[in-house]
Amino acid sequence: MKRFRHYYTVFNRMKRSRGFGIHSPFAFNFILRVLKEKNHYYAYTDIKRRRKNAYALTGKLDKDHPKVISSRNAKLLFRIACYFTPDHILQIGVSYGVSTSAMLDVSSMSRVTIDTCDNPFTDIYAEITTNYRDRINVVNDTPKAIDHYLSISEGKRPFVLINRFRQGDLPTIKDLMTIVLDREGVVILRNIAKDDEMARLWRSFQPDMNHGMSFSNDYTVVLVGLRHLQLQHFNISF
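Residues 73 to 310, numbered by my numbering, are exactly what the sequence shown covers, in order.
So this is what it looks like as structure tokens:
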């Protein structure tokens, strides 16, 4: 059903992804210059190399393990982080470190707090992020990671990536998203089509939004909580 819906809406998504029918200057620019940007960025070569290394390392694992994030999606995370240039990032759910390192490529001064959600691939994560380890703070408890992050990001625009979360933490994650958008921050939700809990999170949170914009391709959702933006939801291709 999810796959059918994705193909059923492909025409409208393609129209919107080219800017047709989009009146908001922010949305128009964000779609064309960030989500759909085709130009080469300085970090792309390193992102591709680390992704290739992670892929090789996962080849030694049993078949039942998460896929390595694609170069395309890792580059997308980099571009979004590059646009908002967060000083500190919160990432909930990690696997191999490709997404973490891609976001940290934006600035040598940026930091990330991670809640690994009991990641079993810590050796691969450590190898992929070895050059970034001094900028990564691990807090393996969701409420503590959130409290720590919100305290150190007070007065700044928060930037949160959620790949997955522990069972039972849905209310906690929704509260986090509400706070981040209230502070005019950014939330990225990944694995919407693969993870039922992530899909349920988005379905339950979307009706509660009262400002800001969302940009979704049915796999990834980017929420931007700027208060001057009229509440709108864009389903596009990126």
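Quick reminder that beta carbons are idealized off the backbone N, C-alpha and C, glycines included.
With respect to the 9 Å criterion, I161 and S143 are not classified as neighbours on the basis of their beta carbons. Residue burial annotation: L133 is exposed, with fewer than 16 other C-beta atoms found within 10 angstroms of its C-beta. Note: F231 is bridge-paired with V258 in the DSSP secondary-structure output. DSSP places N282 outside both helix and strand once states are collapsed to three, so it counts as coil.
Cβ neighbours of A146 within its own chain (closer than 7 Å, five residues either side excluded): I119, R123, V170, S171 and A174. Per the DSSP secondary-structure output, D187 pairs in a beta bridge with I164.
Taking 9 Å as the cut-off, the Cβ atoms of V259 and L298 do not count as close. Counting C-beta pairs closer than 8 Å gives fewer than three between the region 211 to 227 and the region 259 to 276, which falls short of the contact rule. The beta-carbon separation of L295 and F98, rounded to 13 Å, does not stay under the 8 Å limit for a contact. Between S288 and L261, the alpha-carbon positions lie close to 9 Å from each other.
Distances from the CA of Q304 to each of K110, M285, F231 and T250 were compared; the closest alpha carbon is that of M285. In the DSSP assignment, I208 is bridged to V184. Closest in C-alpha terms to E109, from the list F231, Y155, D136 and V211, comes Y155. Comparing C-alpha distances from Y114 to each of M249, F150 and K246 shows the shortest one belongs to F150.
Linking T244 to K135 through their CA atoms gives a straight-line distance of about 32 Å. Between A153 and the set D254, V184 and S167, the nearest pair of CA atoms involves V184. Look at V293 here: in three-state DSSP terms it is strand. No Cβ-Cβ contact shorter than 9 Å links I208 with Y168.
F98 has no beta-bridge partner at all, per DSSP. A distance below 8 Å between beta-carbons, with the five flanking residues on each side excluded, links L242 to the following residues of its chain, in chain order: E269, R272, L273 and S276. Take K228, set aside five residues on each side of it, and the residues of its chain with a beta-carbon closer than 7 Å to its own are D159, in chain order.
Relative to L129, the option among R238, D254, Y116 and T194 whose CA is nearest is T194. Using a Cβ distance threshold of 9 Å, I251 and V293 do not count as a contacting pair. For the options I103, N282 and Y116, the alpha carbon positioned closest to that of V178 is the one of Y116. Contact annotation: P230 and R255 have beta-carbon atoms nearer than 9 Å.
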